[in-house]
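Participant: So the protein lines, in turn, are chains R and X. Take the first sequence: its position 40, counted from the start at 1, is 40 in my numbering, and no numbers get skipped. Take the second sequence: its position 333, counted from the start at 1, is 333 in my numbering, and no numbers get skipped.
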Amino acid sequence: MEHELSPLLETVVIICIVGISISIFILLYRVLKGPTNPDRAVALDTIGINLMALAGLLAIFLVTTQFNDVILLIGILLFIGTIAIAKFLEKGVIIDRDHN
Amino acid sequence: MIYAVFAPLIITLLIPLLSKWKERVHTGWFILPVPILIFIYFVQFVGENFTPHSESYSWIPSLNISIDFYLDGLSLLFVLLISGIGSLVVLYSIYYLHKSEQLKQFYIYLYIFMFSMLGVVLSDNVFVLYSFWEFTSLSSFLLIGYWHYRERSRYGALKSMLITVFGGLSLFGGLITLSVITETTSIQAMIEQKDLIVNHSLFPLILVFILLGAFTKSAQFPFHIWLPDAMEAPTPVSAYLHSATMVKAGIFLVARFSPILGGEPSFFIIVSLFGIVTLFWASFMAVRQTDLKGILAFSTVSQLGMIMAMLGFGTDVAIFAAVFHILNHATFKGSLFMIAGIVDHETGTRDVRKLGGLMTFMPMSATLALFGVFSMAGVPLPFFNGFYSKELFFESAIDLPGFSGAFVEFLQQAIPYIAVIGSIFTFVYSMYLFFSTFRGKYKEHELKTKPHEAPLGMLISPSILVLGVILIGLFPNMVNESFLAHAATAVFGDGFHAHEVKFWHGWESPALRMSLIVVGVGTILAITRKKWTSVYTVFPRRLSFNELYNYIVDSIEKGSTKITETYMTGSIRHYVSYILGSILIITGAILFITNGVTIEFDDLAPITIPEILVGLTMAIAAIASIFTNNRLSLIIIVGVVGYGLSVLFVIYRAPDLALTQLIVETVTVALFLLCFKHLPELKNLPSHPGVKSINFLISVGFGVLVTLIGISSHSSKLFSPISEYFIEESVPLGGGHNVVNVILVDMRGLDTLFEITVLGIAALAIYALIKLRHDKEAK
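(1) Between which two residues does the beta strand (DSSP E) holding X/F69 run?
(2) Taking the C-alpha atoms as reference points, what is the distance between X/H445 and X/W281?
(3) Between the alpha carbons of X/Y130 and X/E151, how many angstroms are there, rounded?
(4) Once you ignore the five residues that flank X/T12 on each side, which residues in its own chain have a CB closer than 7 Å to its CB?
(5) Pull out every residue of the region 603-621 of chain X whose Cβ sits closer than 7 Å to any Cβ of chain R, in chain order.
(6) When every heavy atom of the ligand FAD is checked, does at least one fall within less than 7 Å of the C-beta of X/I85?
(7) Between the C-alpha atoms of X/F39 and X/H200, what's the straight-line distance to the nearest angstrom?
(8) Indicate whether the contact test is met: 3 or more Cβ pairs, each with one atom in the region 728-746 of chain X and one in the region 610-625 of chain X, closer than 8 Å.
(9) Going by DSSP, what residues sit across from X/D351 in a beta bridge?
(10) What are the boundary residues of the alpha helix (DSSP H) that X/E151 is part of?
(11) Excluding the 5 residues flanking X/D229 on each side, which residues of the same chain have their C-beta closer than 6 Å to its C-beta?
(12) Is it right to say X/A488 is buried, meaning 16 or more other beta carbons lie within 10 angstroms of its own, or is it exposed?
(13) Would you check if the distance between the CB atom of X/F320 and the CB atom of X/L484 is smaller than 8 Å?
(14) What is the DSSP secondary structure of X/H452, reduced to helix, strand or coil?
(15) Residues in the same chain with beta-carbon distance under 6 Å from X/T617, minus the five sequence neighbours each way, listed in chain order, please.
(16) Please identify the residue among X/V277, X/V323, X/M285 and X/V287 whose C-alpha is closest to the C-alpha of X/G305.
(17) According to the Cβ coordinates, are X/G213 and X/G262 closer than 8 Å?
(18) Looking only at its own chain, which residues have a Cβ that is under 7 Å from the Cβ of X/F203, when we skip the five neighbours before and after it?
(19) Apply the 10 Å Cβ neighbour rule to R/R97 and answer buried if 16 or more other Cβ atoms are within range, or exposed otherwise.
(20) Run through DSSP, which three-state label would X/K779 get?
(21) Give a yes or no on whether 8 Å exceeds the smallest Cβ distance from R/L5 to chain X.
(22) With X/W281 as the anchor, note down where its alpha helix (DSSP H) starts and where it stops.
(23) By a C-beta neighbour count over all protein chains shown, 10 Å radius and 16 as the cutoff for buried, is X/R353 buried or exposed?
(24) Apply the 10 Å Cβ neighbour rule to X/N64 and answer buried if 16 or more other Cβ atoms are within range, or exposed otherwise.
(25) Report back the beta-carbon spacing between X/V640 and R/L44 to the nearest angstrom; my notes put them in contact at under 8 Å.
(26) With DSSP collapsed to three states, give me the class of X/N629.
(27) Just confirm the distance between the C-beta atoms of X/Y429 and X/S283, as a whole number of angstroms; I'd bet it's less than 8 Å.
(28) Report the neighbours of R/R40 on chain X: residues whose CB is nearer than 7 Å to its CB, in chain order.
(29) Looking at X/F132: is its Cβ nearer than 8 Å to the Cβ of X/L171?
(30) Would you be able to state if there are at least three C-beta pairs under 8 Å between the region 27-36 of chain R and the region 625-639 of chain X?
(31) Looking at the structure shown, is X/W59 part of a helix, part of a strand, or coil, going by DSSP?
(32) Identify whether X/N738 lies in helix, strand or coil by the three-state DSSP scheme.
(33) Identify every residue that forms a DSSP beta bridge with X/H486.
(34) Looking at the C-beta of X/L645, does it have a partner C-beta in chain R at a distance below 8 Å?
(35) Locate the alpha helix (DSSP H) running through R/E4, then write down its first and last residues.
(36) Alpha carbon to alpha carbon, how far is R/N50 from X/E729?
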């Protein structure tokens, strides 16, 4: 089970993790600043995608398969969350009532 | 003896049953035998060879509380008064109360009262005594408020309740202190430890507590104000409770504790001073009253003051006089109340200004009243018992105990003069009471009904009491040796010598001179009463103690309302700041006092750049969320914090937590979005800058506090964690590789069960909140 990471891979992974962390930090600016809510929603969505990448990189770095669920989950949840926000911005509600 | 005490209580259980036939037979007849039997039972003890009896019944042995009855001379005097006058009052009430009244309530309350009063005077255990004491307060409250549909009755009942229960609680404090000091709950055992109690540093406290209880119950100055308002009770109640029994409970208490507390200068000063002031003030105020029962109420207060003063004097003459006057007062005051009730019953009013010339209509009542009134005034004729006790009172007032001290000496000089002046007023109101009711002009237009003599049955009880007045008046030494001397011995101690009561002491006797002054000046004042009553207008009514009482009750109510309104604002913001603020102050103070903050950085893990960046992102997002005023952007920013947290979980290798956190975060966002439509725009509530800075201080302080606690708890690891066990035993015991899940469902499964329950309840509650909207649909 214990596989050693080659030094090259390790360095690359660390660089990637740091890069993605910086990316998340910069995305925070867009979330805070806006200027509109759709801007924030897109930024949050992108943060989520960065999270997926981060989780994947961490899984490589820690040599584990435990985080694979997390990655998939982030993907589907982000989709749902973004759809919800988008629908809210569009219609004001996220669950339509039956009109019968 | 216990059957005698509990008999009235037992019969109350039967009263509702007996009152079914009240249309045919007045309920009072059924239960009249009870007090008579009790009286007969206790009368057997009277005799020259009387020795104290005691009986004990276990009640709460673990607390050393048992129902101890101790029958000595003092208790015997009181039980005979209670049962004897009780019988007469029941007899009187049979004729006084009409069958259409709520008889069963009346007799139940009255018998509960009789039971508790018997218990008070017989109890030797202080806590049992206190229980009975509060029973008397309660039953008196019920009796005063008997005609509960009247505003004045309710007011009077509440007032007496407040004052007597106030005193009762204070008495309780005194009794607890006493029993803690002496390590016993028996009064007789306490008397044996008198030296210990008197020299104890808590002695002044005990004295004040017990006397406060006694003074409130016995309507001493300035607590006398409840008694005149208690006159709203039916007249039998006034005659029984407010002249003969309950108001003497305080007297009894002082007498009972005299062997412990007496003989001290402080006891002498407090008790005689309050007694003599009560005597003077109440007799002075009684002249002002226009209501028959009002006069009698103030007169009762005044006479109680006189007895109290004599108990305070503490000499053997004074104690004997006190005991003698307890008996005398019960006889004449009981009869006077009953006659006042008769007058009320037969004319429809108790207002003295409307009454007059009733002698021709009610010769019997007038004769009875004559004896009662002249005895109360202390007219020196050998068939009024009041005269003897009054003269003994004067005698004891001259011959006061020799304590030293400037104030004591002043008091010793002043007491005889105050006593004489008080007695002059007693004489005046007594005369006023009799002559303006039964003599003078008959005012036909003022009365609703034509007055006529009372039915014979109503006259029996006052007649018996007046017979007592005359008998004691004629043969004052009749009951001394066999009865009163034992009572006085119980109060004074073993050194008591029975006093020979004589009608004639010779011209040289100073007491006789004082009596003659009283009669002389009293007669002049009574005749010229109309000319000097204007002195009462000098004191405006708003300076009276009643106004003070009303003011206190009012301002307590208003004050507490005001205080509650200032902090119970209904605003959750305020409450949260109270909660967080008090946690901050209390926990912070304790942390500071106990030096609870320990900070160590020994075993910290190295920090990496991604952790810093993610943490920084979360912190900035959290701070920024405060300044957002758009709700949607607020939830998105808070979402950043949530996602950041899940990244931290990933970094710290907690995949299950990260999973859950992500789902919860997303669901929360969705839920917020769901209800956004129904929420108003987020806006900054206008708030005072001071309030804002306080909120700022509280939130920053709270954050700092939690941080400090976190760091301290990390720095001080007292025990090694048990996680090693979980990791080792996860597979062999739980059969699973996922340690977190094994803990959740195997090792600590119970927690999970209830968290599931919480979720279930939340779901049900949400469903119910949405679906069940009766109020709105009804509108």
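Idealized CB from N, CA, C, for every residue including glycine.
Facilitator: Well, looking at it:
(1) I65 to L71
(2) 35 Å
(3) 30 Å
(4) Excluding residues up to 5 positions away in sequence, I108, Y111 and I112 lie with their Cβ nearer than 7 Å to the Cβ of X/T12 in the same chain.
(5) I609, P610, L613, V614, L616, T617, I620 and A621
(6) As presented, the structure is devoid of all ligands, the ligand FAD included, so that no description of it is given.
(7) 41 Å
(8) no
(9) X/D291
(10) E151 to T182 is the extent of the alpha helix (DSSP H) around X/E151.
(11) The answer, listed in chain order, is G156 and K159.
(12) The residue in question, X/A488, is buried, as its Cβ has 16 or more Cβ neighbours within 10 Å.
(13) yes
(14) coil
(15) So the qualifying residues of the chain are G644.
(16) X/V277
(17) no
(18) I197
(19) exposed
(20) Note that X/K779 scores 48 on pLDDT, short of 50, meaning its location in the model is unreliable; the coordinates nonetheless yield the value given after this. Three-state result, X/K779: coil.
(21) no
(22) Per DSSP, X/W281 belongs to the alpha helix (DSSP H) from P265 to A286.
(23) By the beta-carbon neighbour count (other beta carbons within 10 angstroms, threshold 16), X/R353 is exposed.
(24) Under this definition X/N64 is an exposed residue.
(25) Their Cβ separation, rounded to whole angstroms, is 7 Å, which keeps X/V640 and R/L44 in contact under 8 Å.
(26) Here X/N629 sits in coil by DSSP.
(27) 7 Å
(28) S633 and I636
(29) no
(30) yes
(31) strand
(32) coil
(33) In DSSP, X/H486 forms no bridge with anything.
(34) For X/L645, the answer is no, since every Cβ of chain R falls outside 8 Å of its Cβ.
(35) It is not in any alpha helix (DSSP H) - R/E4 carries neither H nor E in the DSSP assignment.
(36) Rounded to whole angstroms, R/N50 to X/E729 spans 37 Å at the Cα level.
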